[in-house]
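Notes for the one structure printed next.
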Amino acid sequence: MVETERGAGPIPSTSSRLLGHVGHYLALPVWIFGLVAGALWPTFTLLLLFFFPKLGTVSLALLVIALFTPLDVPCPKFMTRYLRYCTTAASEYYPVTIRYVKREAFKDTKKPFVIGYEPHSVMPQAMSMFGSQPHPDVLPELQHARLLASSAGFWAPLTRHLWWWLGARPVSRDSFAAQLRSGSSECLYMERGAEVVYLRRRRGFVRLALQHGTPLVPVFAFGQTETYSYVRPFIDWRTSLIPKSKYFSFVRRIGYVPMLIFGSLGTAMPKKFPINIVIGEPIVVPRVDSPPPEQVEEYLQKFIAAMQGIFEGYKAECGYPTLKLIVY
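Numbering (my numbering), first residue to last: 2 to 329.
Below is the structure:
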């Protein structure tokens, strides 16, 4: 570290900045790289078995261990430190800023919250700011959240444990309800030049919130969509090989959208765009054991309106004055 001439405080030396850049490259691409590596590992193993049987046997054994080791094994200390660093590195790299519509609305409450985080984009990596290694500006009431993610991601070797240790759980009615007691549709409908959220048919999370009397919290992350580019075969490429309706049905069945993802210079390193996470005011809901459809729809519309209000109220302040929000 070196001092500035007028005592403005220390500034990082060249070596410190270099180490910081290296650290970012070790931390930030891990989520995309892990998914890609997990998808390619079985194919790589088959090739090894064919050409180099001994190495293929070792790769197959490691793959089986990675896939079938229970998720609830304790997180090693070195991995806890690594995940904490990943959150810190992301916060510094983009950087990530946390804003509140009404900060005091979260005080003096012991209830859990249902956080509706949008947009999903290619990879909602900033959602980790609410997880087991939270961003320092996230209020204690919102920290250590259970992040509900596509169950397909929990079949990716290595990544499945990283997600679990970060606080993510496979999204399902049972897991959602269990957390209250204690995203692939957006990828289908993503459009360049606009933010897309898929909410109008998602009544399940509202119904569960009503059944537990749990407030709904709308959250929007400006800039997150810019961090990765994507190409979706059979959606972005004009082709008549597979009808789009059948492809959509297939995607919903498998739980994720096959796509080519690339960041800075075509790598897994995300592009550097500021991410502004705006946390809306909690929407208080009554506790109703069997909420009627009309009541579920009422609170879903309130949630959508709150999300639209956040978007329109903060988009200019966050650097996107002409951006449009499309709600499906």
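For glycine and all other residues, C-beta sits at the position ideal for the given N, C-alpha and C.
These numbers come from a predicted model, not from an experiment.
With contacts defined as CB atoms closer than 9 angstroms, P120 and S92 fail to qualify as a contacting pair. DSSP places G35 in the uninterrupted alpha helix (DSSP H) bounded by 31 to 52. At least 9 angstroms separates the beta-carbon of L84 from that of L159. Non-local C-beta neighbours of Q309 in its own chain, meaning closer than 8 angstroms and more than five positions away in sequence, comprise L326, V328, ordered along the chain. Taking the C-beta atoms as reference points, I236 is found no nearer than 9 angstroms to M130. Counting only runs of at least 3 residues, the segment 90 to 147 fully encloses the following beta strand (DSSP E) elements, listed from N- to C-terminal order: 97 to 101, 115 to 119. Per DSSP, reduced to three states, the secondary structure at R161 is helical. Note that the segment 143 to 162 touches the segment 31 to 47; at least 3 beta-carbon pairs, one per stretch, sit closer than 8 angstroms. DSSP places F263 in the strand class (E or B) of the three-state scheme. Judged by DSSP in its simplified three-state form, I278 adopts strand.
Across the set T268, Y248, I33, the C-alpha of I33 shows the shortest separation from the C-alpha of S122. Spatial neighbours of V115 in its own chain (CB-CB distance under 8 angstroms, excluding positions within 5 residues in sequence) are listed in chain order as L181, F206, L209, A210, T215, P216, L217, V218. When the beta-carbon positions are compared, V220 and G320 stay at least 9 angstroms from each other.
Judged by beta-carbon spacing, A28 lies beyond the 9 angstroms limit of C76, meaning their Cβ atoms are not closer than that value. If you ignore the 5 residues before and after Q134, its C-beta comes within less than 6 angstroms of the C-beta of L84, R85, T88, all in its own chain and listed in chain order.
Across the structure, V65 and T58 are spaced so that their CA atoms are roughly 11 angstroms apart. Closest option to L200, judged by alpha-carbon separation, among L63, L167, V297: V297.
Looking from the CA of I280, the closest CA among F52, V139, F251, F53 belongs to V139. The beta carbon of R233 sits closer than 7 angstroms to those of V258, M260, all from its chain and outside the five residues before and after it, given in chain order.
Burial check for H213: the Cβ neighbour count within 10 Å reaches 16 or more, so the residue is buried. Collapsing the DSSP output to three states places S230 in a strand. For K325, the three-state secondary structure derived from DSSP is strand. Annotation for A67: P158, L159 place their beta carbon closer than 7 angstroms to its own, counting only its chain and skipping 5 residues before and after. For V172 against A127, the beta-carbon gap comes to about 18 angstroms, at or over 8 angstroms, which does not count as contact. The residue among V197, E142, L63 with its C-alpha nearest the C-alpha of Q225 is V197.
Here E227 has K272, F274 as same chain residues with Cβ atoms under 8 angstroms from its own Cβ, once five neighbours each way along the sequence are excluded. The bridge partners DSSP lists for I284 are L217. Beta-bridge annotation (DSSP): L149 is paired with R170. With contacts defined by Cβ atoms closer than 9 angstroms, G314 and P30 do not form a contacting pair. Less than 9 angstroms separates the beta-carbon of A307 from that of E282. Inclusion of I284 and F312 in the CB contact set at 9 angstroms is not warranted, their separation being larger than that value. Listed in chain order, the non-local C-beta contacts of W165 below 7 angstroms within the same chain comprise L72, local neighbours out to five positions each way being set aside. Contact between F45 and S60 holds: their C-beta atoms lie close to 7 angstroms from each other, under 8 angstroms.
Distance from F223 to K316 at the Cβ level is roughly 7 angstroms; contact confirmed, criterion being Cβ atoms closer than 8 angstroms. Contact check for A195 against L324 passes: the beta carbons are separated by less than 9 angstroms.
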